[in-house]
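Residue numbers (my numbering): 751 to 1062.
What follows is the structure in structure tokens.
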């Protein structure tokens, strides 16, 4: 179980993919251990730890749940707020790679192999890709990864590309010195076209950053790189799991061997300011879901997202 940390936690008010504004609260935060904690079979219990002076409550990220939780409930002098519930995907490396491949349908296996083969043909018969794990390799990785990241809509629109700060690079070098990093880049000749960045904690790889050049979307270079990396990781026979972290996507569901219902659970002091914050975020979230549903029904949601991705 991770220790509690005193943090300023932002509450983002988003309408679809656009962040309107955010408000921070000081909270005691910990991340649940997906692989060693038993899922909660009922409502989550209020933490027994003493709340730090000035803190507004607790946050447990990625708490394994046995059931879907209500978004809002009251526990003593606290509000239990559950804004995010999701299927937490992972790959179990206790399987053999042969067994892992059998988890795919024959059609899906054929599709994956065809994508790899198609990209190899595009590259002249041999795919060039590289694994980065040593401290003296990290700056080369970041140079290649940043070349790709600057092109992605995640960075241009959401400011969610791979960081390029000197502190982040140095921290990665320290992690590499302790054998706690795997990073990968896929190339087209000398041109980097996709990257994958995975810190390692307790023999678990953390899916931290994946990005690909939008010019190569039709070649599924993100999928190709993920497949190559996973095959190599199985051959290392060192790791327990590949943790796809919070959030759901087709990519995560495709590669995962298992899923666990998880939630981010807040226990906030029940006062006027915190209640206004929670109700405000709930209202914005409802409006965002309503807008997304309407745009989807009108056949406009996917078109607008594509327009944003390729015009920003």
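By construction, the Cβ of each residue, glycine as well, lies at the ideal position given by its N, Cα and C atoms.
Three-state secondary structure (DSSP) at residue i?
i            : result
residue 756  : strand
residue 952  : coil
residue 967  : helix
residue 880  : strand
residue 1060 : Since pLDDT at residue 1060 reaches only 47, below the 50 mark, its modelled position is unreliable, and the value read off the structure follows with that caveat. Residue 1060: helix per DSSP, three-state reduction.
residue 762  : strand
residue 837  : strand
residue 814  : strand
residue 1037 : helix
residue 957  : coil
residue 751  : Residue confidence is low: residue 751 scores 48 on pLDDT, short of 50, so the model does not pin down where it sits. Its coordinate-derived value is still stated next. It is coil, neither helix nor strand.
residue 1048 : coil
residue 1014 : strand
residue 849  : helix
residue 891  : helix
residue 924  : helix
residue 1031 : helix
residue 975  : helix
Figure out for me which residue from the options has the closest Cα to the Cα of residue i.
i            : options                 : result
residue 757  : 976, 795 and 805        : 805
residue 960  : 874, 900, 871 and 1033  : 900
residue 955  : 920, 993 and 967        : 993
residue 988  : 826, 1013, 835 and 952  : 952
residue 1016 : 784, 923 and 834        : 834
residue 817  : 963, 1012, 969 and 777  : 1012
residue 889  : 800, 963, 919 and 1001  : 919
residue 832  : 912, 849, 1041 and 1018 : 1018
residue 796  : 981, 958 and 830        : 830
residue 1130 : 850, 864 and 793        : The structure shown has nothing for residue 1130, since the chain only spans 751 to 1062.
residue 942  : 958, 1038 and 971       : 971
residue 869  : 902, 825, 828 and 977   : 977
residue 980  : 1002, 1039 and 856      : 1002
residue 794  : 770, 820 and 769        : 820
Can you round the beta-carbon distance between residue i and residue j to whole angstroms, since I take them to be within the 8 Å contact cut?
i            : j            : result
residue 839  : residue 1006 : 4 Å
residue 896  : residue 914  : 5 Å
residue 763  : residue 1031 : 6 Å
residue 811  : residue 781  : 5 Å
residue 772  : residue 760  : 4 Å
residue 946  : residue 975  : 6 Å
residue 1035 : residue 809  : Between residue 809 and residue 1035 the Cβ distance is about 17 Å, and since that is not below 8 Å, they are no contact.
residue 814  : residue 1010 : 5 Å
residue 922  : residue 957  : Not a contact, Cβ separation roughly 16 Å.
residue 963  : residue 866  : Not really, about 17 Å apart at Cβ, beyond 8 Å.
residue 798  : residue 991  : Rounded, the Cβ-Cβ distance is 28 Å, inconsistent with contact.
Given a threshold of 16 other Cβ atoms within 10 Å of its Cβ, counted over all protein chains shown, does residue i qualify as buried or as exposed?
i            : result
residue 938  : buried
residue 1021 : exposed
residue 984  : buried
residue 1028 : buried
residue 997  : exposed
residue 1044 : exposed
residue 1048 : exposed
residue 775  : buried
residue 1085 : What the structure shows of the chain is the stretch from 751 to 1062, and residue 1085 is not part of that stretch, so it cannot be assessed.
residue 1033 : exposed
residue 893  : exposed
residue 973  : buried
residue 778  : buried
residue 765  : exposed
residue 1037 : exposed
residue 940  : exposed
- Counting pairs of Cβ atoms below 8 Å between the region 877-887 and the region 918-934, do you hit three or more? yes
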